[in-house]
Amino acid sequence: MTTPAIRTAELRKRFGSRTAVHDLELVVEPGTVFGLIGPNGAGKTTTLRMLLDIIRPTSGTARVLGVDPRAGGAALRRRIGFIPGELRLEGRVKGRALLRHYAGISGPVEPGTIDSLAERLGLDLSRPVRSLSKGNKQKLGLVQAFMHRPELLVLDEPTSGLDPLVQREFLTMVREARDNGQTVLLSSHVLSEIQQAADAVAVLSQGRVVAKGPVASLRLAGIRRIRAGLTRTTEQAVSVGLSRLGVDDLDVHTVGDVVRVTATIGGDIDGVVKELARHQIVDLAVEEPDLEESVLSLYGDSRENPTPRVTDAERADRA
Amino acid sequence: MPEPLPVFRRALSESWRSLLGWSVGIAAALLLYLPLFPSIGGNGQMQQMLETLPPELVKTLGYEQIGTGAGYAQGTFFGLIGFLLLTIAATAWGSAAIAGAEETGKLELALAHGAGRVQYALESALAILVRLVWLGGVGALLVIALDGPSKLGLDPGNVLAASAALVGLTMLSGAFALAVGALTGRRSFATAAGAGVAVLGYVTNAIANQVEDAQWLRSVSPYAWAYRENPIADGADWAGLGLLWGVSALLVAVAALALRRRDITG
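In order, the protein sequence lines correspond to chains A and B.
All residue numbers in the first sequence are consecutive under the working numbering, ending with 344.
All residue numbers in the second sequence are consecutive under the working numbering, ending with 1181.
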């Protein structure tokens, strides 16, 4: 069996009295893309920073590329590409000079790599970093993480601030990295991003893994929120039709001559769309609920995991 | 393979403008003060004026010797303006190097790329030192250049000795700021520490100048370590220099060890 790219055992981090990460068990196989998802404050950033030895675990062990992050020191981190969750770049230094600086620390960057990455992402390297927009700083963050072709990429919310086209290019870069044999650990609070990129995921909530496994196994795609405006129909007709399909949180009311519908769909969307199509549709939006909601609704009540009630109680404790 | 001294080189390449600014400031101060010596210091007028001032004030300012070239250079530059400018620069650099880099996220990225923590602290200290030596060198060269025209009558070797004391004294502030920054990660604490040690050193020395019973304060004042043997007139005080440089080195070591132990929270 090959050594996992990352393995943690009972990894725990406390900040004062607050436990940010509880007994984390993660295994990331080499050459795969692993997604770490969870709402803000779930402990994603804390976990990733422990893997980089930026902060140290309170207890438990971590192995990154087979080595303890602290013992591995600088030599280990040269084999890793990292984007911090809150990327801040300041100063008069130009993009290219900054990348050259990091290349000088991390080790060799093949000639042309920086330019081709910058070109793919549409990044101007001749501007001072402080003058870059948030999205462009994030692009610079991507380049510095990918440029030395590290064995392991640890990317904390890598697409924050990027426009959709660049996000797509980023996902392509992630796939290419995997095809090169690189391992990618990706955190996000955006579900769709992980679904498109990752082979396996772990769902983190309040510092605990509440679900993990291959992406397809997690029913993460299952939940959708729907909003529609319908005409030439009645509240009555719409309600009856949709209730039969077993949607949740159904709300139907009339505004002018438009019947407004909102509902949450737990299962197959096909029947719902067909039911709506029986009426005249003015507008239709199908969206993913925010992650916190879906994580709690999907995994909050499973037996081996904390129930939503416990979660609420913990929240109340803290308040 | 990794290139040598990346942190050091980045610190210098990002601060050459400010270094130039500090150099201009020092040059301006020296060009303003030293040429005045023949007219106000050397002809006894200054001495007469000082005799009308309260002796406590004169002692506090260290102006007893202002009528001599060495006393004038000490009282205006090495003990006052130069001390002030280099202390501010050293404290700013020392608090920016680790605490500032941590607060801006620069430290996190550099460490993630594979800069060692001890390496980061040592290279930061080296960058502070090199810049201070540069400023001290600019000051020394200008004093030597202005010595003739300003009729100061200084010995160039003693000018270098006084500059070494000045650089050591301000390096101590920079190293203290660096160490407190490495311990706390807070730039404001680091700045307060670097500036505080300079002010305390100056004040304790000034008290020792006035109060016979407070002579012992000189033994805890870095300012006194630098200047109590009057290097600008009498040459290098190796014991004082040893103290300044030894304590600075110790503080740099504290910075390196502290940074190695701690979570980087930014």
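Every residue gets a Cβ at the ideal spot worked out from N, C-alpha and C, and that includes glycine.
In chain order, G1031 make up the part of chain B whose C-beta sits under 7 Å from the C-beta of G98 (chain A).
In the DSSP annotation of this structure, the continuous segment of the alpha helix (DSSP H) that includes T138 (chain A) starts and ends at T138 to L146. In the three-state scheme derived from DSSP, where H, G and I count as helix and E and B as strand, G60 (chain A) is classed as strand. Where T975 (chain B) is concerned, there is no enclosing beta strand (DSSP E), although the alpha helix (DSSP H) around it starts and stops at P970 to L976. Cβ-Cβ distances below 7 Å link I1122 (chain B) to A1129 and L1132 in the same chain, with the five nearest sequence neighbours on each side left out; the list follows chain order.
Chain order gives the chain A residues near T1019 (chain B) as R113 and E115, where near means a beta carbon separation below 7 Å. Setting aside the 5 residues that flank it on each side, P921 (chain B) is surrounded in the same chain by A1030, each with a C-beta closer than 7 Å to its C-beta; the list follows chain order. For V179 (chain A), there is no enclosing alpha helix (DSSP H); the residue is part of the beta strand (DSSP E) that begins and ends at L177 to D181. As DSSP reads the structure, L190 (chain A) sits in no beta bridge. Look at S928 (chain B): its C-beta is under 9 Å from a C-beta on chain A. Proximity of chain A to R925 (chain B) at the Cβ level (cut-off 7 Å) is accounted for by H126, in chain order.
The C-beta of D78 (chain A) comes closer than 9 Å to at least one C-beta of chain B.
Taking the beta carbon of V118 (chain A) as reference, the chain B residues within 9 Å of it are R925, S928 and E929, listed in sequence order. The alpha-carbon separation between L934 (chain B) and A1040 (chain B) amounts to approximately 16 Å.
Of all residues in the stretch 939-969 of chain B, none places a beta-carbon less than 7 Å from a beta-carbon of chain A. A direct Cα-to-Cα measurement between I1013 (chain B) and L968 (chain B) gives close to 45 Å.
For S264 (chain A), the enclosing alpha helix (DSSP H) covers residues E260 to S268. In the DSSP secondary-structure assignment, E312 (chain A) is bridged to A:R250.
Annotation: V1053 (chain B) to G997 (chain B) spans about 11 Å, alpha carbon to alpha carbon. Secondary-structure assignment with DSSP links K38 (chain A) through a beta bridge to A:V46. Between the C-alpha atoms of V215 (chain A) and T70 (chain A) there is a straight-line separation of about 14 Å.
The CB of P109 (chain A) comes closer than 9 Å to the CB of G1020, E1023, L1024, A1027 and G1181 in chain B, given here in chain order. The Cβ atoms of G238 (chain A) and R285 (chain A) do not sit closer than 9 Å to each other.
For T1085 (chain B), the enclosing alpha helix (DSSP H) covers residues P1071 to T1099. If you check each beta-carbon in the stretch 1035-1047 of chain B against every beta-carbon of chain A, none falls closer than 9 Å.
Not flagged as an interface residue toward chain B: I139 (chain A), since no C-beta distance is shorter than 9 Å. Within a 10 Å sphere around the beta-carbon of G1072 (chain B) sit fewer than 16 other beta-carbons, which makes this residue exposed.
The alpha-carbon of N65 (chain A) is positioned some 29 Å away from that of Y127 (chain A). By the CB criterion at 9 Å, S1065 (chain B) and L965 (chain B) fall outside the cutoff. The beta-carbon of D1062 (chain B) is placed no less than 9 Å from the nearest beta-carbon of chain A. Interface flag for R1101 (chain B) against chain A is unset, since no Cβ pair is found closer than 9 Å.
Nothing from the stretch 153-168 of chain A brings a Cβ to less than 8 Å from some Cβ of chain B.
When DSSP states are grouped into helix, strand and coil, G106 (chain A) belongs to the strand group. The beta carbon of Q207 (chain A) is closer than 8 Å to those of G56, R174, P175, E176, L177 and L178 in its chain, skipping five residues each way along the sequence.
By the Cβ-count criterion, K38 (chain A) is buried, with 16 or more other Cβ atoms from all chains shown falling within 10 Å of its own Cβ. Counting only the Cα atoms, L123 (chain A) lies some 19 Å from L180 (chain A).
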